[in-house]
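UniProt numbering puts the sequence shown at residues 1 to 173.
Glycine included, every Cβ here is placed at the ideal spot set by N, Cα and C.
Quick caveat, the model's predicted, so the values are computed rather than measured.
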Amino acid sequence: MGEELSNLISKIDINTIIGLGTCFFTGYLAFFAWSQLKELRKQHKQKSTIDLLISNNSNEYYRKRRKAYMAMRDNGVNLTVLACTLNDKNATKEQKRQNFIVLDILNAIEFICVGIKENLFDEAVYKRMSKSSVIKDWNTLKPYIMELRRINNNNDKLFCEFEWLAEKWINEE
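Here it is in structure tokens:
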């Protein structure tokens, strides 16, 4: 066995050794580049998530909508009844205004949830910053969403990403 190894080594010339070394070094560089790209993508997702949350908090329109929604929530507005007025031609101006507010909030939340599910935003960052709000909003808005789905031919795709994220976080507790 030792003699066979010695014969094999004696047949290997310097070019073979250099070729193997080049292959190993190229493999190492490819792995290093891949790991750097992976880390940069992670950092970009985190930054994008933080930028979005800062943008939402500094956006006057969104802040007013969020404040109006929270007042509705805290004042006990029946969101199921409100959702029933969406297709009602006799809905009052106030009901239409409230529905517009709720749909604005739902669309903003759904946008973030889609971004998380599509791996565009960082779930861990968003969770640390907004978990309690997402769960509270889900518990508040779930009846509205269920009624909205019902009046739209039982379309369970409406705000399904919001449901997915909220239920995921609730089940982790």
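Cα-Cα separation, residue i to residue j
{"i": "Leu120", "j": "Ala30", "result": "24 Å"}
{"i": "Thr80", "j": "Lys136", "result": "16 Å"}
{"i": "Gly115", "j": "Ile12", "result": "54 Å"}
{"i": "Arg128", "j": "Lys157", "result": "26 Å"}
{"i": "Ile14", "j": "Lys42", "result": "42 Å"}
{"i": "Phe162", "j": "Gly76", "result": "22 Å"}
{"i": "Leu20", "j": "Tyr28", "result": "12 Å"}
{"i": "Asn59", "j": "Asp51", "result": "12 Å"}
{"i": "Thr16", "j": "Ser35", "result": "29 Å"}
{"i": "Glu172", "j": "Met146", "result": "23 Å"}
Contact check, residue i vs residue j, beta carbons under 7 Å
{"i": "Glu110", "j": "Phe32", "result": "no"}
{"i": "Ala166", "j": "Val125", "result": "no"}
Cβ distance (whole Å) where residue i is taken to contact residue j below 8 Å
{"i": "Leu148", "j": "Leu53", "result": "Actually they do not touch by this definition, with Cβ atoms about 25 Å apart."}
{"i": "Ile105", "j": "Arg65", "result": "6 Å"}
{"i": "Lys117", "j": "Trp169", "result": "Not really, about 13 Å apart at Cβ, beyond 8 Å."}
{"i": "Asn99", "j": "Leu82", "result": "6 Å"}
key: Inter-stretch contact at 8 Å, needing at least 3 Cβ pairs: the region 131-146 / the region 88-96   = With a cut-off of 8 Å, the region 88-96 and the region 131-146 do not count as touching, because too few Cβ pairs lie within range.
inquiry  = Would you call the region 70-85 in contact with the region 44-53, where contact means no fewer than 3 C-beta pairs closer than 8 Å?
reply    = no
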